[in-house]
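J.: Please see the structure below; I have some questions.
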Amino acid sequence: MSRNEPFGYYPGCSGQGTSAEYDSSTRAVCAELGIVLQDLDDWSCCGSTPAHTVDHCLSTALSARNLVQAGKQGLLDVTTPCPSCLKNLRVALRNMSDEHIGPRAAKLLGGETLKEGHTIKSVMEVIHDQVSAEEIAAKSMRPLTGLKVAPYYGCLMSRPQELMQLGDPENPMVMEELLTAAGAEVLPFPLKVECCGASMGIPLNEAVTRLSGKIVDLAASLGADVIAVACPLCQMNLDLRQGQINRANKTHFKMPVMYYTQLLGLAFALPHNELGLDKLVVDPQPVLNKLADQRRGAAKVEQTEGAA
Amino acid sequence: MKTIDLASSNRSFIQQVEEESGQDVSRCYQCGNCTAGCPMNFAYDLPVNRIMRLIQLGQKDTVLASKSLAYCATCETCTARCPNDIDVATVMDVCRHMARREGKLAVWPVRAFVGSFLKTVETFGRSYEAGTMGMFMAATGRLISDVDLAPAMLSRRKLPFMPHSIKARDEVSAIFKRFREGVHEQK
C-alpha cells in the first residue's frame with residue numbers, strides 16, 4: 014500500500030500509562046516519515062498474555078473485537094507498536110478463520126465477523142517496509158554516530174517464526190537495519206531474543222532480576238551505551254526494575270533503556286518532549302552527552318578542514 | 002525415586018492434549034532442547050521436556066498439578082528450538098487451560114495476577130495497571146509488592162490514578178460473560 018493511505022493504529026493499553034513515551038515517540042517518528050496512523054475507534058485490550066493462558070477462544074475474541082472496529086472504519090491494514098498486542102491480533106486473525114476455534118470465538122464476540130483482507134504489522138515492520146535506509150539516513154539531521162547500541166527484541170517479536178515472520182527467529186536484524194541507517198553502531202547482541210521475565214516480575218520477582226539482569230549485564234560488558242527495545246514490558250523490566258536488578262544481583266548498572274523509536278527520533282532531531290525522554294527511569298543523559306560530544310568533535314574537524 | 006505405574010496411563014488425556022493443541026506429542030524424542038533454552042526452568046518443579054514425557058505416558062494428575070504450567074512465561078523458545086517442530090509452548094498453554102478448568106493450576110500469585118489483570122479488562126475495556134496491582138496486592142496479601150517502584154512511576158506520570166475506560170465497556174464485559182457461561186462450548 015502507499016505510504017499516504019492510513020494504517021489503523023492500535024496503541025495498546027500500556028501506551029496510555031507505563032509506555033506513554035513509546036506511543037508518543039512512535040507517533041512522532043511516523044509523522045516525520047509520512048506514515049499516517051489513524052487510531053482505531055474505542056479500541057479495547059487484546060487480552061495480552063493473561064487471556065491466552067486462560068483460554069484461546071477468550072483471547073481470540075478480545076483481540077478480534079479490535080479488528081471488527083478497524084473493519085467498521087474501513088481500515089484493513091492495522092499496525093501496533095507493542096509486540097504482545099501484535100502477536101495476539103495476528104493469532105486472532107488466524108484463529109477467526111480456523112474451522113475449529115473460529116466459530117467458537119465468534120460466539121463470544123456476539124456474532125460479529127471480520128472483513129476479508131486484514132493485515133497486521135508491527136510499527137517496526139511498517140517503517141522498515143515503507144522507508145528506505147537511504148531515506149532514514151537523509152532524515153537523520155543528528156545521526157547517532159558513535160553511539161553503541163545493544164538491540165533487544167525480547168520473546169514476542171520473532172517467535173513463532175511462521176506467525177511473526179521477522180526473518181531468523183533467533184537473529185532478527187530489522188531493528189539493526191533501522192538504527193544503523195540512523196548512524197548508530199549496533200552491536201551484535203547474543204541475548205537479543207531471550208526472555209526478560211515478562212509479567213512474571215509481579216508474581217515472581219526473581220524471574221526479572223535473573224533474566225533481565227543477564228541482559229543488562231551483557232549489554233554493559235559489551236560496552237553498550239544504551240539498550241534499544243521494542244516492547245513495553247521488556248522496557249519496564251530493564252528500566253523501571255533496574256534498581257531491583259541491581260539490589261538482587263549486587264550490581265550498580267545505570268544502563269539507559271530506550272525505545273528504538275526514541276533513538277530514531279533523536280536522529281531526526283524531533284523535540285524531546287514528543288520522544289518522552291523524561292519518562293525514562295534510568296537517566297538517558299549520558300546518551301545525549303555522547304551524541305553532543307560526537308557532533309562537537311565532527312564540527313571541529315569540519316572547521317579545521319575548512320581552514321586548511 | 003518416583004516411579005510411574007504405566008497401567009495408570011490416561012489415554013483420553015493424551016488425546017485431549019493433542020486435539021486442543023493440534024500437536025502430535027509422540028514426536029518428542031526427549032532431546033532436551035526445550036529445557037536447555039527454557040528461561041523459567043529455575044522456577045519449575047518439572048522441566049518442560051519431562052512434562053512432554055509425562056503427557057506421552059498419560060500422567061494427567063502429575064502434569065496438571067505441576068508448578069511449571071503456572072511459571073511458564075510463554076516466551077516460546079521451546080517451540081522455536083524443537084527439532085521435531087512440536088509447538089511445545091502451545092502444549093504447555095493447553096495443559097494450563099485444563100489445569101485451570103479443573104481448578105488444579107498451582108501457584109496462587111500467578112493465578113491472582115492473571116485474575117486481577119483480566120478483571121480490569123472486563124470492567125473498563127482496557128487493562129489498568131494501578132488497578133491490577135491493587136487487586137493483586139489485596140488478593141495475595143503482598144502489601145509491599147513492588148511499592149519500591151511507585152515513586153519512579155508516579156514522578157514520571159506513568160501510573161495513572163484513573164483507568165482509561167472505553168465507551169463500549171459492555172461489549173467487552175459481554176465477551177467475558179459469554180465465556181463464563183460457556184457459550185463457545187455450546188453446539
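Those protein sequences? They're chains G and X, same order as listed. Under my numbering, the first residue of the first sequence carries the number 14, and numbering increases by one thereafter. Under my numbering, the first residue of the second sequence carries the number 2, and numbering increases by one thereafter. We treat Cβ as the ideally placed atom computed from N, Cα and C, and that holds for glycine. Owing to the predicted nature of the structure, the values given are computational and were not obtained by experimental measurement.
Just to make sure I have the definition right: I need the residues of chain X whose C-beta is within less than 7 Å of the C-beta of G:Glu207. Which are they?
T.: For the purposes of this step, residue 207 of chain G is identified with residue 194 of the first sequence, where counting begins at 1. Near G:Glu207 (Cβ distances below 7 Å), the residues of chain X are Pro40.
J.: In the DSSP assignment, find the beta strand (DSSP E) that holds G:Thr73 and state where it starts and stops.
T.: Position 60 of the first sequence, counted from the first residue, corresponds to residue 73 of chain G. Careful: G:Thr73 lies outside any beta strand (DSSP E), inside the alpha helix (DSSP H) at His69 to Lys85.
J.: Keeping to the same chain, check which residues put their C-beta closer than 8 Å to that of X:Ile87; ignore five residues upstream and five downstream.
T.: Working through the second sequence from its first residue, we reach residue 87 of chain X at position 86. Excluding sequence neighbours, X:Ile87 sits near Gln24, Asp25, Val26, Arg28, Cys29, Met53 and Thr80.
J.: Are there 16 or more other CB atoms within 10 angstroms of the CB of X:Asn50, so buried, or fewer, so exposed?
T.: Mapped onto the second sequence, residue 50 of chain X falls at position 49. The residue in question, X:Asn50, is buried, as its Cβ has 16 or more Cβ neighbours within 10 Å.
J.: As an exercise, report each continuous beta strand (DSSP E) stretch of at least 3 residues that is fully enclosed by the segment 106-141 of chain G, in chain order.
T.: DSSP runs (the beta strand (DSSP E)) wholly in the segment 106-141 of chain G: 132-135.
J.: At the level of alpha carbons, what is the spacing between G:Arg260 and G:Asn218?
T.: For the purposes of this step, residue 260 of chain G is taken as residue 247 along the first sequence, with counting starting at 1. For the purposes of this step, residue 218 of chain G is taken as residue 205 along the first sequence, with counting starting at 1. Spanning the two alpha carbons is a distance of roughly 12 Å.
J.: Would the segment 243-255 of chain G and the segment 210-228 of chain G be scored as touching if the rule is three or more Cβ pairs under 8 Å?
T.: The segment 243-255 of chain G vs the segment 210-228 of chain G: in contact.
J.: Could you compute how far the alpha carbon of X:Gly142 sits from the alpha carbon of X:Val184?
T.: Counting from 1 along the second sequence, the entry for residue 142 of chain X is found at position 141. Counting from 1 along the second sequence, the entry for residue 184 of chain X is found at position 183. Near 34 Å, if we compare the C-alpha coordinates of X:Val184 and X:Gly142.
J.: Is there a Cβ of chain G sitting closer than 8 Å to that of X:Arg97, yes or no?
T.: Position 96 of the second sequence holds residue 97 of chain X. Chain G, which has a Cβ nearer than 8 Å to the Cβ of X:Arg97, makes this yes.
J.: Along the chain, where does the alpha helix (DSSP H) containing G:Tyr273 start, and where does it finish?
T.: By 1-based counting over the first sequence, the position of residue 273 of chain G is 260. Note, G:Tyr273: alpha helix (DSSP H), Tyr273 to Ala280.
J.: Grouping DSSP H, G and I as helix and E and B as strand, with all else coil, what is G:Pro96?
T.: The residue labelled residue 96 of chain G in the question sits at position 83 within the first sequence. The answer is helix: DSSP assigns G:Pro96 an H, G or I state.
J.: Is G:Leu122 close to chain X, meaning its C-beta is less than 8 Å from at least one C-beta of that chain?
T.: Here residue 122 of chain G refers to the residue found at position 109 when the first sequence is read from its first residue. Yes, because at least one Cβ of chain X sits closer than 8 Å to the Cβ of G:Leu122.
J.: Tell me the rounded alpha-carbon separation between G:Ala74 and G:Leu121.
T.: As a first step, residue 74 of chain G must be located in the first sequence, where it is residue number 61. As a first step, residue 121 of chain G must be located in the first sequence, where it is residue number 108. If you take the alpha carbons of G:Ala74 and G:Leu121, they lie about 6 Å apart.
J.: Determine the direct distance from the alpha carbon of X:Leu58 to that of G:Met14, and round the result to whole angstroms.
T.: In the first sequence, residue 14 of chain G corresponds to position 1, counting from 1. In the second sequence, residue 58 of chain X corresponds to position 57, counting from 1. With a pLDDT of 46 at G:Met14, under the threshold of 50, the modelled position of this residue cannot be trusted; read the value that follows with caution. Roughly 51 Å between the two C-alpha positions.
J.: Kindly identify the DSSP beta-bridge partner or partners of G:Phe20.
T.: Start at 1 with the first residue of the first sequence, and residue 20 of chain G comes out as number 7. Paired residues: G:Leu50.
J.: Measuring CB atoms only, is the segment 264-282 of chain G touching the segment 297-306 of chain G, in the sense that at least three cross pairs come out at less than 8 Å?
T.: Judged by Cβ distances under 8 Å, the segment 264-282 of chain G makes contact with the segment 297-306 of chain G, as three or more pairs qualify.
J.: The segment 99-114 of chain G: which residues have C-beta closer than 8 Å to a C-beta of chain X, in chain order?
T.: Flagged: no residues at all.
J.: What are the start and end residues of the alpha helix (DSSP H) that includes G:Val295?
T.: By one-based count along the first sequence, residue 295 of chain G stands at place 282. Note, G:Val295: premise wrong, no alpha helix (DSSP H); not H, not E.
J.: Which runs of the alpha helix (DSSP H) spanning at least 4 residues fall entirely within the segment 157-197 of chain G, listed in chain order?
T.: As far as the segment 157-197 of chain G is concerned, its whole alpha helix (DSSP H) runs of at least 4 residues are 174-177 and 187-194.
J.: So, is the C-beta of X:Ile5 closer than 8 Å to a C-beta in chain G?
T.: Numbered from its first residue, the second sequence carries residue 5 of chain X at position 4. Taking Cβ atoms only, chain G never reaches closer than 8 Å to X:Ile5, which makes this a no.
J.: Using beta carbons (cut-off 8 Å, strictly below), is G:Glu183 in contact with chain X?
T.: Working through the first sequence from its first residue, we reach residue 183 of chain G at position 170. Closer than 8 Å to some Cβ of chain X, the Cβ of G:Glu183 qualifies, so yes.
J.: In chain G, what lies closer than 7 Å to X:Glu19 by C-beta?
T.: By one-based count along the second sequence, residue 19 of chain X stands at place 18. What X:Glu19 touches in chain G: nothing, since even the nearest Cβ is about 13 Å away.
J.: Rounded to whole angstroms, how far is the Cβ of G:His131 from the Cβ of G:Leu89, which I believe are closer than 8 Å?
T.: Counting from one through the first sequence, the residue named residue 131 of chain G turns up at place 118. Counting from one through the first sequence, the residue named residue 89 of chain G turns up at place 76. 5 Å between Cβ atoms; contact.
J.: May I ask which residues mark the beginning and end of the alpha helix (DSSP H) holding X:Val115?
T.: By one-based count along the second sequence, residue 115 of chain X stands at place 114. Here the alpha helix (DSSP H) through X:Val115 covers Trp109 to Phe125.
J.: With DSSP collapsed to three states, give me the class of G:Val144.
T.: For the purposes of this step, residue 144 of chain G is identified with residue 131 of the first sequence, where counting begins at 1. Coil.
J.: Give me, in chain order, the residues of the same chain whose beta-carbon lies closer than 7 Å to that of G:Gln307; leave out the 5 immediate sequence neighbours on both sides.
T.: As a first step, residue 307 of chain G must be located in the first sequence, where it is residue number 294. The answer, listed in chain order, is Thr158 and Gly159.
J.: If you reduce the DSSP assignment to three classes, tell me which class G:Asp36 lands in.
T.: The residue you call residue 36 of chain G lines up with position 23 of the first sequence. It is helical.
J.: Taking only three categories from DSSP, how would you classify G:Asp238?
T.: In the first sequence, the residue the question calls residue 238 of chain G occupies position 225. Reduced to three states, the DSSP call for G:Asp238 is coil.
J.: Is there a C-beta anywhere in chain X that falls below 8 Å from the one on G:Ala118?
T.: Numbered from 1 along the first sequence, position 105 holds the residue referred to as residue 118 of chain G. By this cut-off, G:Ala118 is an interface position.
J.: Thinking C-beta only, is G:Leu200 closer than 8 Å to G:Leu242?
T.: Stepping through the first sequence from its first residue, residue 242 of chain G is reached at position 229. Stepping through the first sequence from its first residue, residue 200 of chain G is reached at position 187. Contrary to the premise, residue 242 of chain G reads as Val rather than Leu in this sequence. No.
J.: What does G:Asp55 touch in chain X if you count any residue whose Cβ is under 7 Å from its own?
T.: Here residue 55 of chain G corresponds to residue number 42 of the first sequence, with the count starting at 1. Per Cβ cutoff of 7 Å: Ile167, Lys168 and Ala169.
J.: For chain X, find out if any of its Cβ atoms is closer than 8 Å to the Cβ of G:Cys26; answer yes or no.
T.: For the purposes of this step, residue 26 of chain G is taken as the residue at position 13 of the first sequence. So, interface residue.
J.: Measure the C-alpha to C-alpha separation of X:Ala74 and X:Met41 and round it to an integer number of angstroms.
T.: Reading the second sequence from its first residue, position 73 is the one you call residue 74 of chain X. Reading the second sequence from its first residue, position 40 is the one you call residue 41 of chain X. Cα-Cα distance, rounded: 7 Å.
J.: Using 8 Å as the limit for Cβ to Cβ distance, is G:Asp36 near chain X?
T.: Numbered from 1 along the first sequence, position 23 holds the residue referred to as residue 36 of chain G. G:Asp36 does not count as touching chain X.
J.: What are the boundary residues of the alpha helix (DSSP H) that includes X:Thr133?
T.: Mapped onto the second sequence, residue 133 of chain X falls at position 132. X:Thr133 -> alpha helix (DSSP H) spans Glu130 to Thr141.
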